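Chemist: In terms of this note's numbering, the sequence shown is residues 414 to 637.
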Amino acid sequence: MTLPLHEGHELLDAATGPTTDLFHPLSLGGIDLANRVVMAPMTRLRSGTSGVPGELLVEHYRQRAGLGMIVTEGTYPSPESQAYAGQPGIATDEQAAGWSRVADAVHAEGGRIVMQLMHGGRAAHPAVNGGRRVIAPSAVAVSGELHTADGKVPFIVPEPMTCAASCGGTSPRPVAPSPRAWTAWRCTPPTGTSSSSTSPPRRTSEPTITADPHRTAPGSSSRS
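Listed below in structure tokens is the structure:
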């Protein structure tokens with residue numbers, strides 16, 4: 414199989430002209446991929462009530478390490494942001510250790526793996542996230558019902574993600590991923606630098622998230 418691409422790693426195809434083989438190596442940012450086949454996130458929901466990736470997930474991702482890169486299933490960055498039963502997290506030391514085992518297994522096979530961080534937003538529910546609050550950009554509930562172990566329940570109206578609700582107040586709860594996420598994946602956390610900047614990224618403190626609780630983006634989906 415061949416795909417047309419830029420100059421550099423071209424193969425000559427009599428029918429279509431210069432092309433690049435799908436299985437040719439690729440440098441993607443700072444990551445060198447053995448081939449150009451990338452596995453998209455697939456929701457496994459195999460982490461039980463603890464959210465800790467176990468041996469089943471270690472083996473699942475290890476078996477797919479021959480792909481150029483793996484993008485993990487959606488992983489919640491804070492306990493209250495869990496959207497599904499059985500979803501893995503990266504909010505506790507135990508969860509980070511589980512993902513470290515996954516990453517080690519993939520790396521041992523020569524693979525590359527990156528994590529999809531997924532905050533449930535208003536699609537989260539106390540029946541799933543351990544009775545915790547639900548926060549979202551706006552205090553607007555999802556239409557419909559959520560399937561739980563005890564049957565269907567209506568979605569609740571979330572707390573708006575004001576600075577007081579997400580960053581401060583009497584009970585501060587950080588909504589940004591913990592530094593343990595970067596430790597587990599042996600990578601550098603994103604910073605507030607512009608994508609157009611040519612300077613090396615500078616590590617800053619935990620990102621600050623602010624939102625207007627009275628404004629809802631038009632056409633927003635249920636997973637805000």
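We put the CB at the ideal spot given by N, CA and C, even for glycine.
Just so you know, these numbers come straight off a predicted model, no measurement behind them.
Could you give the distance in angstroms between the alpha-carbon of M528 and the alpha-carbon of M455?
Modeler: Along the sequence shown, one-based indexing puts residue 528 at 115. Along the sequence shown, one-based indexing puts residue 455 at 42. Distance between the alpha carbons of M528 and M455: 12 Å.
Chemist: Would you call the CB atoms of P571 and A552 closer than 8 Å?
Modeler: Counted from its first residue, the sequence shown places residue 571 at position 158. Counted from its first residue, the sequence shown places residue 552 at position 139. Against a cut-off of 8 Å, the Cβ pair of A552 and P571 comes out as a contact.
Chemist: Helix, strand or coil for P492? Go by DSSP, reduced to three states.
Modeler: Looking up residue 492 in the sequence shown gives position 79. Correct three-state label for P492: helix.
Chemist: Using only CA atoms, which one of T575, N542, M574 and C576 lies nearest to F568?
Modeler: The residue labelled residue 568 in the question sits at position 155 within the sequence shown. Per the Cα distances, N542.
Chemist: Can you give me the C-alpha to C-alpha distance between T485 and E507, rounded to a whole angstrom?
Modeler: Here residue 485 corresponds to residue number 72 of the sequence shown, with the count starting at 1. Here residue 507 corresponds to residue number 94 of the sequence shown, with the count starting at 1. Going by the C-alpha atoms only, they are around 17 Å apart.
Chemist: With a 10 Å radius around its C-beta and 16 neighbouring C-beta atoms as the bar for buried, classify S494 as buried or exposed.
Modeler: By 1-based counting over the sequence shown, the position of residue 494 is 81. Classification of S494: buried, given that the 10 Å Cβ count is 16 or more.
Chemist: According to the neighbour-count rule (16 or more other Cβ atoms, all chains shown, within 10 Å of its Cβ), is G534 buried or exposed?
Modeler: Here the question's residue 534 lines up with position 121 in the sequence shown. By the neighbour-count rule (16 or more Cβ atoms within 10 Å), G534 is buried.
Chemist: Which residue from W512, I526 and G443 puts its Cα closest to that of G481?
Modeler: Here residue 481 refers to the residue found at position 68 when the sequence shown is read from its first residue. That would be I526, whose Cα lies nearest to the Cα of G481.
Chemist: Taking buried to mean at least 16 other C-beta atoms within 10 Å of its own C-beta, is S491 buried or exposed?
Modeler: Numbered from 1 along the sequence shown, position 78 holds the residue referred to as residue 491. Buried, by the Cβ-count rule.
Chemist: Which two residues bound the contiguous beta strand (DSSP E) that contains Q508?
Modeler: Here the question's residue 508 lines up with position 95 in the sequence shown. Counting along the chain, Q508 falls outside any beta strand (DSSP E), though it belongs to the alpha helix (DSSP H) covering D506 to A521.
Chemist: By how many angstroms is the C-alpha of Q500 removed from the C-alpha of S460?
Modeler: Indexing the sequence shown from 1 puts residue 460 at position 47. Indexing the sequence shown from 1 puts residue 500 at position 87. If I take the Cα positions, the gap works out to 6 Å.
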